[in-house]
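Chains as they are written, first to last, in our numbering: chain G, 1 to 390; chain H, 1 to 390. Even for Gly, the Cβ is constructed at its ideal location relative to N, Cα and C. Remember, it's a predicted structure, so these values are computed and weren't measured experimentally.
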């Protein structure tokens, strides 16, 4: 495919201003005087600060969204240069790592400045979140900002982040195009006799060649009659005739992920695999046709699961899809227990899985965006028939 | 380079048994009845559970090391198949994500089973750690295991993990060899006129071709008279004659990282860049010659910093090196404030940096292992003179 150009990079400040305004609106409704963010995705979302340096666990990074006004970055000085290239202007730094005070007093002072004495600070503490700073330091911050309280703000972040702007959707679509082009090249490097780890390596190379900035996730499996799981790294076992090969990727382009997979039969597609693939394809068609704003995640799960059963297949336990965008997976989870409302411009992975035999599964995945009256595919639709690698 | 073979994969159970015994020894000294681990590196360290699926923030994963006996995995059922392929036999699963109880009651029940009522559970809470589970769920676990206390166990994990076994050192050396081979190929794809983002992409492809399982980190910079920082992703600006180009990588092979960089002059090496490179090279020589077990991280920092000053250079603020292995960077940090004792078989990145002009720096990095009487290079030594890309 043609290389995408630089003009698809980043966002104008208005995009971030809109995000912050949406957060501040929900913060006001929730009675929050500030929001404290610590994870790569949350920090990237409000600032545009994009770096792979999060891979180093050495330093915590903080962004504070006050109830009014622009975000404040409280970060290690090593990141000041890059943060200054974002729209953020209030950047406070310390020399990290600092064993006695790793940003704790600077963070606490900033929170005390921004939040009234009896005010509330929101922090994402709920499902699919974590606090990316040492827990002992968090305890110190709690003490230093008292009597201010720190309360859960998961819903504030989730309700804003889960609805994607058109600019974000464009970026996820670009990431999907990269993966589409790489999946189209799988027959070039996968086939009987090729070790699975070589296939994984070549797939990552293809993703980079097709325009991924980096490849944060590749997984898959290969076995006869279905693979055992969908999260394993590759071993060196050569692909065998009649194997089902699955490759799954989270390729990243400009900070946004795709997350979808493709299945292939090696040499010859056995009946059970073809039937499973057909059921997965049909259930995905049903989900894409049915999904609408106002439906819950649990309802969409029921639709996918029901479609698999109607095809005579046994749905996998566990979720049958999820959100995505700034991370490989985002809430909601398509399970019977997740009653999150699906909303217009949410991006989802529709991911039906079937158990072919005990411990043998096949999984199918597409990325879509929920529009008012239909679902729009972001990945190119898989072929209806299980493709055979010859 | 020749592709490494499958026989370099994984560890025998004895390796993990040794790790757990070392942890249990320190746990006993610290009065801990169990250790609770939640991060990819800590879980991989005691179990061998290696997956890129941590990229999905949706699910927490737990491993408990009891004071006696083998580790217990308390994990989402999606990981059971892969965990069963490790040496761990006690694997307890729940169907995650579960909005009402995402492993909380199973984790608490396991901790209550393993830890006496007035016992202590250790959890890494200190510098360079974080808790990879929702903070609200951690609060619930705290309540459910009471009167058992959860206390900081950073030192227990750090003192054991920081000393590498010969098998681990071999894996880090293998990762370094991958990067060595990729750095040797930089002249093939970097030179005047080539956009920096294309260079980053080709460098990642080269790392994969040379044997990286995946590329968790690439950063760098390119500018005349030194780059602005060392953590930025690439932009599309073409390399210019007289630029200094730096590429830095954390390539991963079998779960272990290398972390070193290389500098290049584009077309022609200006005097200031050549002088800076010579000072960096000399300071690294001095550090490699001087580092010994029993020295502190702060002392090694002083040696590197002093050597730069002796060369007439201005050392960068911030750390001048760090540990590495299971993550891109590990403690200790070579700063004036980190008094961690350097020990035999610790693996370090020696990373002097100099400020050439305000906001213009150059950084040099090698990976070594500290032996009883000398330092052993794991990366191939950079050339003494700044190489020129013609």
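Quick one: grab the DSSP three-state call for residue 160(G). Three-state result, residue 160(G): helix.
Between which two residues does the alpha helix (DSSP H) carrying residue 174(G) extend? For residue 174(G), the uninterrupted alpha helix (DSSP H) segment begins and ends at 166-184.
Here's a check: name, in chain order, each residue in its chain whose Cβ is nearer than 7 Å to the Cβ of residue 217(G), leaving out the five neighbours to either side. Contacts found: 249, 250 and 328.
What are the residues of the region 108-141 of chain G that lie near chain H, defined by any Cβ-Cβ distance shorter than 9 Å? Answer set for the region 108-141 of chain G: 123, 124, 125, 126, 127, 128, 129, 130, 131, 132, 133, 134, 135, 136, 137, 138 and 139.
Would you list, in chain order, the members of the region 18-46 of chain H that have their beta-carbon closer than 7 Å to a beta-carbon of chain G? Of all residues in the region 18-46 of chain H, none comes within less than 7 Å of chain G when Cβ atoms are compared.
Beta-carbon separation (whole angstroms), residue 74(G) vs residue 46(G), contact threshold 8 Å: About 13 Å separates the two Cβ atoms, so there is no contact after all.
Residues in the same chain with beta-carbon distance under 8 Å from residue 2(G), minus the five sequence neighbours each way, listed in chain order, please. Reliability of the predicted coordinates at residue 2(G) is poor, the pLDDT of 41 falling under 50, and the value obtained from them is presented with this limitation in mind. Only residues of its own chain outside the window of five on either side were considered, and among them none has a CB closer than 8 Å to the CB of residue 2(G).
If I measure Cβ to Cβ from residue 344(G) and keep anything under 8 Å in the same chain, skipping five residues before and after, which residues do I get? Correct list, in chain order: 163, 293, 370, 371 and 372.
In the DSSP assignment, find the unbroken beta strand (DSSP E) run with residue 150(G) in it and report its ends. 149-152 is the extent of the beta strand (DSSP E) around residue 150(G).
Closer than 7 Å by C-beta to residue 381(G): which residues in its own chain qualify, once you throw out the five before and the five after it? Chain order, please. These residues qualify, in order along the chain: 366.
Own chain partners of residue 189(G) with C-beta closer than 8 Å, once the 5 adjacent residues on each side are dropped: Cβ within range, chain order: 198, 199, 202, 203 and 206.
Flag residue 55(G) as yes if its beta-carbon sits less than 8 Å from any beta-carbon of chain H, otherwise no. So yes, residue 55(G) belongs to the interface.
List, in order along the chain, the chain G residues whose C-beta lies closer than 8 Å to that of residue 194(H)? For residue 194(H), there are no C-beta contacts with chain G under 8 Å, since the nearest C-beta of that chain is about 13 Å from it.
Where residue 95(G) meets chain H, residues with beta-carbon distance less than 7 Å: Here the neighbours are 317 and 318.
Whose Cβ in chain H lies nearer than 9 Å to the Cβ of residue 61(G)? Within 9 Å Cβ-Cβ: nothing; residue 61(G) doesn't reach chain H, min ~11 Å.
For residue 360(H), the first and last residue of its enclosing beta strand (DSSP E): For residue 360(H), the enclosing beta strand (DSSP E) stretches over residues 360-363.
Mind checking whether residue 22(G) and residue 225(G) have CB atoms under 8 Å apart? The Cβ atoms of residue 22(G) and residue 225(G) lie no closer than 8 Å to each other.
Length of the line joining the Cα atoms of residue 383(H) and residue 264(H): Counting only the Cα atoms, residue 264(H) lies some 10 Å from residue 383(H).
Using 8 Å as the Cβ pair cut-off and three pairs as the minimum, do the region 335-355 of chain G and the region 136-156 of chain G touch? Because the criterion of three Cβ pairs below 8 Å is not met, the region 335-355 of chain G and the region 136-156 of chain G do not touch.
DSSP puts residue 242(H) in a beta bridge; with which residues? Beta bridge pairing from DSSP links residue 242(H) with no other residue.
DSSP three-state call for residue 4(H): helix, strand or coil? Any reading at residue 4(H) must be qualified, since the residue scores a pLDDT of 48, below 50, and its modelled position is unreliable; the value itself is stated next. In this structure, residue 4(H) counts as coil in the three-state DSSP scheme.
Local Cβ density within 10 Å of residue 385(G), reported as buried at 16 or more and exposed below that: It is exposed - the Cβ of residue 385(G) has fewer than 16 other Cβ atoms within 10 Å.
Consult DSSP for residue 49(G) and reduce its assignment to one of helix, strand or coil. Coil at residue 49(G), not helix or strand.
Using 8 Å as the cut-off, can you tell me whether the region 76-92 of chain H makes contact with the region 119-128 of chain H, which would need three or more C-beta pairs spanning the two stretches below that distance? As far as the Cβ criterion goes, the region 76-92 of chain H does not touch the region 119-128 of chain H, which means the pair count is below three.
Beta strand (DSSP E) segments (min. 3 residues) lying fully within the region 304-367 of chain H: Entirely contained in the region 304-367 of chain H, the beta strand (DSSP E) runs reaching 3 residues are, in chain order, 321-323, 330-333, 347-350, 353-357 and 360-363.
Give me the Cα-Cα distance between residue 388(H) and residue 267(H), rounded to the nearest whole angstrom. Rounded to whole angstroms, residue 388(H) to residue 267(H) spans 6 Å at the Cα level.
Per DSSP, which residues does residue 257(G) bridge with? Please list them. DSSP lists 252(G) as partners of residue 257(G).
Taking any Cβ of chain G, which residues in the region 224-239 of chain H have a Cβ under 7 Å from it, in chain order? Going along the region 224-239 of chain H in chain order, one finds 228, 229, 231, 232, 233 and 236 with a Cβ nearer than 7 Å to chain G.
Identify the continuous beta strand (DSSP E) that holds residue 93(H) and give its terminal residues. Element bounds for residue 93(H): 90-94.
Opposing strand residues paired with residue 72(G) [DSSP bridges]: 64(G) and 90(G).
Close-in-space but distant-in-sequence residues of the same chain around residue 6(G) (CB under 7 Å, 5 per side omitted): Bear in mind that a pLDDT of 48 at residue 6(G), under 50, signals an unreliable position, so the model cannot answer this.
Rounded separation between residue 70(G) and residue 24(G) - CA only: Between residue 70(G) and residue 24(G), the C-alpha separation is close to 10 Å.
Residues of chain G with CB under 7 Å from residue 99(H), in chain order? Ordered by position in chain G, the residues that pass the 7 Å Cβ test against residue 99(H) are 127, 337 and 338.
Bridge partners of residue 265(H), per DSSP? 244(H) and 388(H).
From the DSSP output, read off the bridge partner residues of residue 195(G). According to DSSP, residue 195(G) bridges with 238(G).
Nearest to residue 347(G) (by Cα), restricted to the options 283(G), 182(G), 27(G) and 171(G): Measuring from the Cα of residue 347(G), the nearest candidate turns out to be 171(G).
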